[in-house]
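J.: Taken in order, the sequence shown gives residues 241 to 573; the numbers are from the working numbering.
Built from N, CA and C at the ideal position, the CB exists for glycine as well.
As the structure is a prediction and not an experimental result, all values here were calculated from the model.
Just dropping this structure here.
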Amino acid sequence: MAVSIKDVAREAGVSIATVSRVLNDVDVVNEDTKKKVKDAILKLGYRPNIVARSLKTQKTRTVGILIPDISSQLYPEIVRGTEDVANIYDYNIILCNSDSDLEKEKEYLRVLKEKMVDGVLYMSSSLEPEIVELIKELELTTVLVVTTDKDKTFPSVSIDNREAAYDAAIYLLNKGNKKVAYIGSHKDAVNAGAARYFGYEDALKEKGIEINENLIYFGELRAQEGYEGVNKILESGEKFDALFCGSDEIAMGAINALREKNIKVPEDVDVIGFDNIYSSSIFYPKLTTVAQPMYDMGSVGMRMLIKSINKKDLEEKNYILPYELIERDSCKK
């Protein structure tokens, strides 16, 4: 027979109302009584009826996480950070993969609303105006991770992608490279990847180098885009001595394409990636890259979301975490 709240109250020697207050984290219960109740819950293996509790409190202690590409190595580490914090605060997670599909993304937001999630961690590929409007329409408590929206409407946690990309491009230029190609997100996208393009552009302009459209390839942040981008640039007849990639996966695809053309990295072309995913340190050559604090972005984002759900003030609405340029073997020493 399932253990009931009455059994917990009897074991702890308190009223059912007191057990309910402890379960709902109401502050009026003193610490000694809380301990008795929690010990009884642990001893009896009691699990609250989530449906009944949700109807009463209008909270499900469940949050949705929306990611654009479950196959990307970037997101598992971020999700691990969110999950660890969610476990601490007794929240459950519904993970949704949109495949960078706008319509699928909108449908997932509607489904999460139907599931009565308490909030959403949004780290999908592009914050189009219609997505922003839908989130507002559905009244979903939302925190952005990895990216920010243009108007800073939503709380967010990210790095300064434009500054990080600028630093990476300057690093390539300071090595004496004159023709730096770019493969990454389109500059018109509403996401972190687009900010990286503008950081690349800032660096070239500062060094007095004209932007050459033939050295730029816009696409997704996947390895295939790196492979196709290198081939497209080479087909144009343009030569380049360095390549800035909007993700490590792009960099890996790009290096494979260069290798097929007998172009050596870093002897002939310096290549820099972005993210510092696990494979960047074991790929050949090991990638020079910009490291994002992936786990920290997830854990900070979840803490922000839980505070927002519980109507608590955020110390900072838009957290900017530090990044680091990691020097390895894909750029000349």
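DSSP on Leu384, reduced to helix/strand/coil?
T.: On the sequence shown, position 144 is the one that residue 384 refers to. It is a strand residue.
J.: With a CB to CB cut of under 8 Å and the five nearest residues on each side skipped, what residues in its chain are close to Pro239?
T.: Look at the range of the chain in this structure, 241 to 573, and you will see that residue 239 is not part of it.
J.: Going by beta-carbon coordinates alone, are Gly439 and Ala494 separated by less than 8 Å?
T.: Residue mapping note: residue 439 aligns to position 199 of the sequence shown, counting from 1. Residue mapping note: residue 494 aligns to position 254 of the sequence shown, counting from 1. No, they are not a contact pair.
J.: Sort Asn471, Ile410, Cys485 and Glu441 by Cα distance to Ser520 and report the nearest one.
T.: By 1-based counting over the sequence shown, the position of residue 520 is 280. Measuring from the Cα of Ser520, the nearest candidate turns out to be Cys485.
J.: I'd like to check one pair, Glu489 with Ser312: are the Cβ atoms closer than 8 Å?
T.: Mapped onto the sequence shown, residue 312 falls at position 72. Mapped onto the sequence shown, residue 489 falls at position 249. A contact, by the Cβ cut-off of 8 Å.
J.: Looking at the unbroken beta strand (DSSP E) that takes in Asp510, where does it start and where does it end?
T.: Working through the sequence shown from its first residue, we reach residue 510 at position 270. Taken as a continuous stretch (DSSP letters only), the beta strand (DSSP E) holding Asp510 covers Asp510 to Asp515.
J.: Would a C-beta distance cut-off of 8 Å place Gly359 and Val303 closer than the cut-off?
T.: Here residue 359 corresponds to residue number 119 of the sequence shown, with the count starting at 1. Here residue 303 corresponds to residue number 63 of the sequence shown, with the count starting at 1. A contact, by the Cβ cut-off of 8 Å.
J.: Per DSSP, what kind of secondary structure is Ile566 in: helix, strand or coil?
T.: For the purposes of this step, residue 566 is taken as residue 326 along the sequence shown, with counting starting at 1. In the structure shown, Ile566 sits in a strand (DSSP, three-state: E or B).
J.: In chain order, what residues of the same chain have a beta carbon less than 6 Å from the beta carbon of Val383, not counting five sequence neighbours either side?
T.: Mapped onto the sequence shown, residue 383 falls at position 143. Leu361, Pro395, Gly541, Met544 and Leu545.
J.: Would you decide whether Lys276 is buried or exposed? Buried here means 16 or more other CB atoms lie within 10 Å of its CB.
T.: Position 36 of the sequence shown holds residue 276. So Lys276 counts as buried.
J.: Just confirm the distance between the C-beta atoms of Tyr457 and Ile410, as a whole number of angstroms; I'd bet it's less than 8 Å.
T.: Working through the sequence shown from its first residue, we reach residue 457 at position 217. Working through the sequence shown from its first residue, we reach residue 410 at position 170. In fact, because the Cβ distance is near 21 Å, the residues do not count as touching under 8 Å.
J.: Return the CA-CA distance between Asn401 and Lys551, expressed in angstroms with no decimal places.
T.: In the sequence shown, counting from the first residue as 1, residue 401 sits at position 161. In the sequence shown, counting from the first residue as 1, residue 551 sits at position 311. C-alpha separation (whole angstroms): 29 Å.
J.: Residues in its own chain within less than 8 Å of Tyr348 by CB, not counting five upstream and five downstream?
T.: As a position in the sequence shown, residue 348 is number 108, starting the count at 1. Around Tyr348: Gly304, Leu306, Cys336 and Ser338.
J.: DSSP puts Ser396 in a beta bridge; with which residues?
T.: As a position in the sequence shown, residue 396 is number 156, starting the count at 1. In DSSP, Ser396 forms a bridge with Leu384 and Asn558.
J.: Would you list, in sequence order, the uninterrupted alpha helix (DSSP H) runs of no fewer than 4 residues that lie entirely inside the segment 246-279?
T.: Counting whole runs of 4 or more residues, the segment 246-279 contains the alpha helix (DSSP H) stretches 256-263.
J.: Look at the alpha carbon of Phe514 and the alpha carbon of Ile281, and state the distance between them as a whole number of angstroms.
T.: The sequence position of residue 514 within the sequence shown is 274, counting from 1. The sequence position of residue 281 within the sequence shown is 41, counting from 1. For Phe514 and Ile281, the distance between alpha carbons rounds to 46 Å.
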